[in-house]
Amino acid sequence: MYYAATENEARYCRDAEVVVVGGGNSAGQAAMFLCRVAQRVRLLVRGDSLASSMSSYLSDRLEADPAITVQYGAQVVRVAGDDQLETVTIRDRAGAEETVDTCALFVMVGAVPNTGWLEGLVRLDDKGFVLTGSSVDAASPYATSCPGIFAVGDVRGGSVKRVASSVGEGSVVMSHVWAHVNAAA
Ligand SMILES: Cc1cc2nc3c(=O)[nH]c(=O)nc-3n(C[C@H](O)[C@H](O)[C@H](O)COP(=O)(O)OP(=O)(O)OC[C@H]3O[C@@H](n4cnc5c(N)ncnc54)[C@H](O)[C@@H]3O)c2cc1C
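207 is the number that our numbering gives the last residue of the sequence shown; the numbers go up by one with no jumps.
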């Protein structure tokens, strides 16, 4: 299972069938890239359309490419293999399951913030990322609009969406939390 689709991963997919999960631009770009080496690419999309999640130039190219199959209403429910991936089981909206032989599953989802539960507590931007720092008149770049609540990493609006920066923000924020706790004491 891969979380990136670069030359490194592509060389293990030569002439094979591969599965890409996701309905956003990163999934579409991965499918276009992988179909250059793979025999067939299945793109699994949970929704009914790509219209709201992917640029139309990209979805048009995907639909037109004979090496790519876009399956809507599809979810991965099982992966199996011994010392490497061998099969992926896909469930459609009606509940029917299909098991396909594949050596590679590309997971290209996870960029949407899960912040619905924070609405009304801290200010969010129009995409649901948590606003911090100067955008909410807070002194700390990680402080939210609610004193005592901090946000770091991907969920923070304007952050660099990378592992290293998220870990870095997580370590730096502790001194800000500490200062807040001490000021309150
Ligand atoms: C497909 C893909 C490929 C990527 N490739 C790279 C790459 O090659 N290099 C790179 O540097 N970065 C990459 N990234 C970005 C990287 O994964 C993120 O920047 C990083 O994981 C962010 O770390 P985080 O701790 O902020 O958030 P996350 O890793 O998303 O962690 C947040 C955690 O909070 C949990 N959570 C969510 N809601 C709640 C809740 N209500 N209660 C409790 N827990 C909750 C989630 O389950 C998750 O475990 C990629 C991202 C994606 C989606």
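Where a beta carbon is used, it is the ideal one built from N, C-alpha and C, also for glycine.
Put residue i into one of helix, strand or coil per three-state DSSP.
i      : result
Gly103 : strand
Arg64  : strand
Leu153 : coil
Leu80  : helix
Ala186 : helix
Leu146 : strand
Ala207 : coil
Asp123 : strand
Ala53  : helix
Ala32  : helix
Ala201 : helix
Val208 : This structure cannot settle anything about residue 208, because the visible part of the chain is limited to 23 through 207.
Val194 : helix
Arg86  : Looking at the sequence itself, residue 86 is Ala, so the reference to Arg does not match. Helix at Ala86.
Val41  : strand
Val174 : coil
With burial defined as no fewer than 16 other Cβ atoms inside 10 Å of the residue's Cβ, what is the status of residue i: buried or exposed?
i      : result
Tyr25  : exposed
Thr28  : exposed
Met76  : buried
Glu191 : buried
Met196 : exposed
Tyr79  : exposed
Leu143 : exposed
Quick one: is the Cβ of residue i within less than 7 angstroms of any heavy atom of ligand 1?
i      : result
Tyr25  : yes
Asn204 : no
Lys183 : yes
Asp147 : no
Met196 : no
Trp15  : This structure gives no information on residue 15, because the portion of the chain shown stretches from 23 to 207.
Val122 : no
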